[in-house]
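All the letters of the sequence shown, read from the start, carry residue numbers -11 to 431 under my numbering.
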Amino acid sequence: MAHNFVPDAWGWITSLPPFSQWRTNTMSLCICATPSASASSQPTSMTLSVAKTPPTQPSYLTFSISANYREPIFLWTSKPVHLKTKAQQSLDEQDMVQLFVDIVNQVLWYGPDNSSKPSFRFPGAQHLHGGSFSDAFNIVFLSLAFLVCIYEAPRDLRRGCLDSLRTQLTSPKCRGAAKTLVKMLGANLEDQWMQTMNLAQLEGVVQLAYKTVRRDNWIDIEVKVDNIRCDVDPLVSETLMAERGYGSEEKHFPSRVMLQITPMQQTDVLSVSVSKSSDNPTHEFGIEKGFEGSFDPPNSFGLKASVTESLTLAMKPWKFEQSVHGNTATLNWFLHDGMNGREVCASKPSKLSLLQPRAWFRDRYSNAYRPFTKQGGIIFARDEYGDSVNWKVCGAALGKTMDWEIRGWIWLTYWPNKQRTSHSETRWFEFRECLQLPLTKFP
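What follows is the structure, given as structure tokens:
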């Protein structure tokens, strides 16, 4: 296994000695290392190196990632970072921003759609302060090292380093830095970034709206659903899917969404109430009757008749529910089978429905009565699912900042669309976010 340590690329680069004090033309930092196969062989490693050119009075620096064997194998090289003067002895803030932009664009280049050149631009100087930029720089560098290890590194080095880099990228510190990074990228580049890292099969957006109303002895806090959007994006190209015998329409679909909203200061909460009653749906029955008759030819006597009757049941495919446990409000959206009304996430299609070409899950992205968007996603907006939850908070909390925890689960289900198969499955994804809500005093 690889050694588990976290290389601080930002700290190493910014603490390099003055260029004139380098004993060699290059300086190196170990990113990850794998143990040797035998006692006689040396362990291999992947390193980050910086080289100055020319050696005496450098005019620019280049950074590279290499696999260290007896002869190093260069896996990635940055664009030159040109120094402003020959007397410059270290990299300044602008140089680090230039290197950051270069690394981000290189990561985006590994994405599935690199036909158009990625064009990331640094958003502004406000992101350079407070320590957030250094954390964002480190997660960007680790992401590049991860992709370089996958696509460029030799096999014996790849196996050990991937485990180490994966552990580093999923650490709590990197999770916090990822929030800073996505703010810098913006929504469009964030989507490309996630697809590059093979993390964008499910793209979810949760938007909640709130308002506070001051009463005589308490505060009303109302939270409404503004928008919930879920899209399932392919991780590989349409060409590869076609070669494997599947198309982009043969994919998972959202079958359940659940949100839990909890105020963390439990002592300040007096009560909680919801605005959605238990659903008592009205079933619409449609009965169609037909009568057919015919006379036999003249040489025979008799009348043939047949009567047909068909029954249809109309119901909404998505059902919305609210519930309360303690001070926690839970919002649930369930997708139901259009034939038997069962929850899709907790059931499988019957063998009979798999043989029916007109089953609701067949051609589910082109059917006029589809419970999804044409791209296979879902949108819950406030026009139909905007029911609110109200918390009554004691008046002493006025002027404080309340911490809120939002937890969510999204279920993705696969039922065959156009393929003839009995395979079906359901997977779920969990996320958690903590927010701060200031209860401002108004004059």
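For glycine and all other residues, C-beta sits at the position ideal for the given N, C-alpha and C.
Compute the Euclidean distance between the alpha carbons of residue i and residue j, then round it to the nearest angstrom.
i: GLY68; j: LEU423; result: Residue 68 is actually Pro in this sequence, not Gly. Near 41 Å, if we compare the C-alpha coordinates of LEU423 and PRO68.
i: LYS183; j: SER8; result: Looking at the sequence shown, residue 183 is not Lys but Gln. Those two C-alpha atoms are separated by around 42 Å.
i: GLN248; j: ALA175; result: 25 Å
i: TYR402; j: GLN254; result: 40 Å
i: LYS362; j: ARG109; result: 33 Å
i: ILE1; j: LEU17; result: 9 Å
i: PHE308; j: TRP97; result: 41 Å
i: SER52; j: VAL38; result: 6 Å
i: ASP123; j: VAL85; result: 13 Å
i: ALA230; j: ASP83; result: 45 Å
i: PRO337; j: VAL193; result: 29 Å
i: ARG199; j: ALA(-3); result: Reading off the sequence, residue 199 comes out as Lys, not Arg. Distance between the alpha carbons of LYS199 and ALA(-3): 43 Å.
i: THR414; j: ASN378; result: 33 Å
i: CYS382; j: TRP206; result: 5 Å
i: PRO60; j: ARG163; result: 32 Å
i: ALA197; j: VAL211; result: 6 Å
i: SER26; j: ALA55; result: Only weak support is given to the placement of SER26: the predicted model assigns it a pLDDT of 49, under 50, and the value that follows is read from those uncertain coordinates. Spanning the two alpha carbons is a distance of roughly 19 Å.
i: GLU372; j: THR50; result: 56 Å
i: VAL201; j: LYS429; result: 11 Å
i: MET327; j: GLU178; result: 39 Å
i: THR316; j: PRO426; result: 19 Å
i: PHE62; j: ALA113; result: 33 Å
i: VAL260; j: GLN156; result: 40 Å
i: GLY314; j: LEU169; result: 36 Å
i: VAL213; j: PHE368; result: 8 Å
i: THR14; j: ALA334; result: 58 Å
Taking only three categories from DSSP, how would you classify residue i?
i: PRO426; result: strand
i: PRO251; result: strand
i: ASP205; result: It should be pointed out that residue 205 corresponds to Asn in this sequence rather than to Asp. The answer is coil: DSSP assigns ASN205 none of H, G, I, E or B.
i: GLN77; result: coil
i: ALA39; result: strand
i: SER265; result: coil
i: ASP214; result: strand
i: MET172; result: helix
i: ARG163; result: helix
i: LEU116; result: coil
i: MET34; result: strand
i: ASP351; result: coil
i: PHE241; result: strand
i: SER335; result: coil
i: LEU258; result: strand
Note the first and the last residue of the continuous beta strand (DSSP E) segment covering residue i.
i: GLN195; result: 190 to 202
i: THR22; result: 14 to 22
i: TRP321; result: 316 to 323
i: SER107; result: It is not in any beta strand (DSSP E) - SER107 carries neither H nor E in the DSSP assignment.
i: SER54; result: 48 to 56
i: TRP0; result: No beta strand (DSSP E) holds TRP0; the alpha helix (DSSP H) holding it covers -3 to 2.
i: LEU63; result: 61 to 65
i: ALA369; result: 366 to 369
Under 7 Å Cβ to Cβ from residue i, same chain only, skipping five residues before and after it: list those, please.
i: GLU237; result: TYR353, ASN405, LYS406
i: SER107; result: none
i: CYS137; result: MET34, ARG146, CYS149, LEU150, LEU153
i: LEU87; result: PHE51, SER66, VAL69
i: VAL92; result: PHE108, VAL128
Once the 5 residues before and after residue i are set aside, which same chain residues still bring their CB inside 6 Å of it?
i: ASN320; result: MET246, GLU309
i: LYS239; result: VAL220
i: PHE322; result: ARG244, LYS307, GLU331
i: SER28; result: Note on SER28: pLDDT 48, under 50, position unreliable in the model; the coordinate value appears next. Around SER28: no qualifying Cβ.
i: LYS264; result: GLN310, ASP375
i: GLN180; result: LEU96, GLY99
i: VAL256; result: In the sequence as displayed, the identity of residue 256 is Asp instead of Val. So the list reads VAL381, CYS382, ALA385, once near-sequence residues are dropped.
i: GLN45; result: LYS74
Taking residue i as part of the alpha helix (DSSP H), name the residues at either end of that continuous run.
i: SER311; result: Careful: SER311 lies outside any alpha helix (DSSP H), inside the beta strand (DSSP E) at 306 to 313.
i: LEU340; result: 339 to 342
Would residue i pass as an interface residue toward chain D - the criterion being a Cβ-Cβ separation below 9 Å?
i: MET390; result: Annotation note: the requested chain D is absent from the structure, which comprises a single protein chain.
Going along the chain, which residues of its own chain have a beta-carbon closer than 8 Å to the beta-carbon of residue i, five neighbours each way excluded?
i: PHE360; result: PHE241, PRO242, ARG352, TYR353, ILE366
i: ALA141; result: MET34, ALA55, LEU63, CYS149
i: MET172; result: PHE110, PRO111, HIS115, ALA124
(message) Report the start-end ranges of each beta strand (DSSP E) in the stretch 373 to 424 that is 3 residues or longer and not cut off at the edges.
(response) DSSP runs (the beta strand (DSSP E)) wholly in the stretch 373 to 424: 376 to 382, 389 to 402.
(request) Report the residue ranges of all alpha helix (DSSP H) runs contained in full by the stretch 134 to 159; include only those spanning at least 4 residues, in chain order. (result) You should have 143 to 157.
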